[in-house]
Structures are given as C-alpha cells and as structure tokens.
DNA sequence: GTTTGCCCTCACATAGATGTGAAGGTTAGA
DNA sequence: TCTAACCTTCACATCTATGTGAGGGCAAAC
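Chains as they are written, first to last, in full-length UniProt numbering: chain A, 1 to 116; chain B, 1 to 116.
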C-alpha cells in the first residue's frame with residue numbers, strides 16, 4: 001500500500017511515516033515511480049512505534065528494541081553487545097514502569113479520597 | 001537551602017530547578033538578597049518530578065498531578081473540573097503503563113529466547 | 001489535455017526539556 | 001581589599017517529535 005493508505009489505517013500523518021523511515025524504524029520498498037510501498041504488517045508495527053513513543057522511549061531506543069518485538073528472535077545469534085544494549089533498555093523501561101505504577105497508585109488514592 | 005545544595009542533593013542542574021520553578025512545579029521562597037530558598041522536602045519533590053518526566057508526562061500535566069502526590073488531599077473539596085482533569089490524566093497514565101508492560105514482556109521474552 | 005489528488009524531496013517552523021554563556025550582584029575567606 | 005564561589009536574569013543554542021509549505025513529478029478521471 002502507499003503512504004496515504006497506511007497513514008489512514010495507522011492513524012498517523014504521512015509526514016511521520018517518512019520521519020520514522022528516516023529514523024530507521026520503517027524501511028518500505030519503492031514502486032518503480034519512486035513511491036513508497038508499505039506492506040500490511042506495518043499497520044501493526046506503526047502502532048507499536050506509537051505506543052513505545054508515548055511511553056517515553058525515543059526513536060533511537062525504539063530502533064534497537066523493535067526487532068525484539070517482531071516475530072520472536074529474527075536472527076539466531078544477535079551480537080552480545082546488542083543483547084546488552086537491549087537488556088539495559090529493558091531495565092530503564094522497568095524503572096519507568098515502577099515509577100508510573102507508584103504515581104498512578106498515589107493518584108488513585110487521591111481520587112478515592114476526594115471522590116468520597 | 002540554596003539552589004546549589006538542592007541541585008546536588010536532588011542530582012539535577014540548577015538550571016532545571018529554575019526551569020521547574022518557571023513551569024510552576026516548584027515555588028521556593030527568597031532570601032533578602034534575592035537568592036532562592038528551598039526547603040528540605042523539595043529534595044523528594046524534585047525526585048517525583050524527575051520520575052514523572054521520565055515516565056513521559058509533561059511539566060504541564062505534572063503541575064496538575066503533583067498536588068495529589070503531596071500529603072493526601074491538601075484542600076478538602078477540589079473543583080470538579082480539576083478532579084476530572086486529573087482523572088483523565090490518570091487514564092492516560094494507565095494506558096502508558098499498559099503499553100509499557102506489554103512491550104516489556106515482549107522484550108523479556110526476546111531476551112529469554114536469545115539468552116538460551 | 002487539463003484538472004485533481006496523490007507522491008516525492010527539501011527545508012524551515014515549533015514546542016518541550018535542557019544546556020550554556022554573558023553581565024552583573026553578593027558573600028566569605030586569604 | 002581582592003578573589004573565588006555562589007547567586008541573579010536574560011537570551012540564545014540544541015535535540016526530539018512533529019507540522020507545514022514550496023516546488024515539482026505522476027496518474028486517473030473528466
């Protein structure tokens with residue numbers, strides 16, 4: 001499919017799709033006329049990208065992490081450096097998650113208190 | 001305490017403390033000479049701010065949410081609009097949290113698979 | 001064959017979090 | 001009293017994720 005269709009199905013602007021490509025998160029093929037050609041599976045992938053971005057990760061981090069989300073372990077033996085980088089990122093995500101959880105609980109407690 | 005001390009104890013730059021103040025997240029008093037005067041409790045508060053920022057919230061949102069984190073329900077009856085705003089923010093946080101959780105699990109699965 | 005709508009690239013604009021430096025006041029110690 | 005270390009404000013710089021518009025091809029429909 002072309003950029004417009006993907007942009008509608010994934011609900012992001014064409015501009016962003018080009019940006020994600022520039023950042024190495026997406027690598028669509030090209031039609032003969034130079035138009036980008038996206039395949040079906042990218043609708044989901046764009047969703048993952050958005051969700052990671054909204055969780056506070058940067059495109060740079062997502063670039064590292066995305067392969068792990070794509071169909072369990074694409075290549076057999078990823079470089080150990082890569083695995084370490086991912087592990088590190090994983091730990092940071094876990095921290096964010098903790099922090100979010102704690103703050104969410106605090107806010108819930110507040111809402112509880114105030115709503116009565 | 002003055003800005004330098006807080007900046008060291010909370011491990012953020014003085015610049016950021018001034019920025020948080022500008023954003024309404026911190027309201028230190030002033031000494032007679034115009035120097036900012038922070039009190040003890042702000043070490044923790046700055047930590048909360050950092051943690052919320054790193055979880056992807058903006059200063060604008062944090063401004064709303066911080067009062068809820070400070071000593072259970074400061075004022076008795078907050079305006080309903082305010083409560084709604086907070087509730088809305090709470091829901092967004094819950095979404096982020098879900099997304100983070102899912103992605104974290106996926107990455108863990110990947111690391112598991114690869115580490116064997 | 002011209003209009004319409006989509007595509008391309010390039011490039012400048014903006015908002016938010018943060019860094020950095022200038023210009024100058026205050027304070028404490030040698 | 002001079003210096004070093006701190007403080008102030010102001011303002012410009014930087015990075016990331018985005019928007020927006022210009023200038024120009026391609027394709028389908030009228």
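Even for Gly, the Cβ is constructed at its ideal location relative to N, Cα and C.
Proximity winner among the options, relative to residue i (alpha-carbon distances)
{"i": "residue 114(B)", "options": "45(A), 68(A), 14(A) and 12(A)", "result": "68(A)"}
{"i": "residue 85(A)", "options": "96(A), 63(A) and 95(A)", "result": "63(A)"}
{"i": "residue 70(B)", "options": "34(B), 45(B), 23(B) and 53(B)", "result": "45(B)"}
{"i": "residue 52(B)", "options": "96(A), 66(A) and 23(A)", "result": "96(A)"}
{"i": "residue 110(A)", "options": "66(B), 40(B), 93(B) and 8(B)", "result": "66(B)"}
{"i": "residue 39(B)", "options": "1(B), 82(B), 99(B) and 23(B)", "result": "1(B)"}
Nearest-angstrom beta carbon gap, residue j and residue i [assumed within contact, 8 Å]
{"i": "residue 21(B)", "j": "residue 28(B)", "result": "7 Å"}
{"i": "residue 17(B)", "j": "residue 6(B)", "result": "6 Å"}
{"i": "residue 10(B)", "j": "residue 47(B)", "result": "6 Å"}
{"i": "residue 36(A)", "j": "residue 3(A)", "result": "5 Å"}
{"i": "residue 61(A)", "j": "residue 89(A)", "result": "6 Å"}
{"i": "residue 25(B)", "j": "residue 42(B)", "result": "The pair is not a contact, with the Cβ atoms about 10 Å apart (cut-off 8 Å)."}
Residue interval of the alpha helix (DSSP H) (run including residue i)
{"i": "residue 90(B)", "result": "80-114"}
Exercise. Counting Cβ pairs closer than 8 Å, one from the region 95-107 of chain B and one from the region 40-59 of chain A, do we hit at least three?
Worked result: Yes: the two stretches touch, three or more of their Cβ pairs being nearer than 8 Å.
Problem set entry | Whole alpha helix (DSSP H) elements within the UniProt domain "HTH merR-type" (1-68) of chain B, 4-residue minimum | Unbroken alpha helix (DSSP H) stretches of 4 residues or longer found wholly inside the UniProt domain "HTH merR-type" (1-68) of chain B: 3-10, 14-22 and 42-54, given in chain order.
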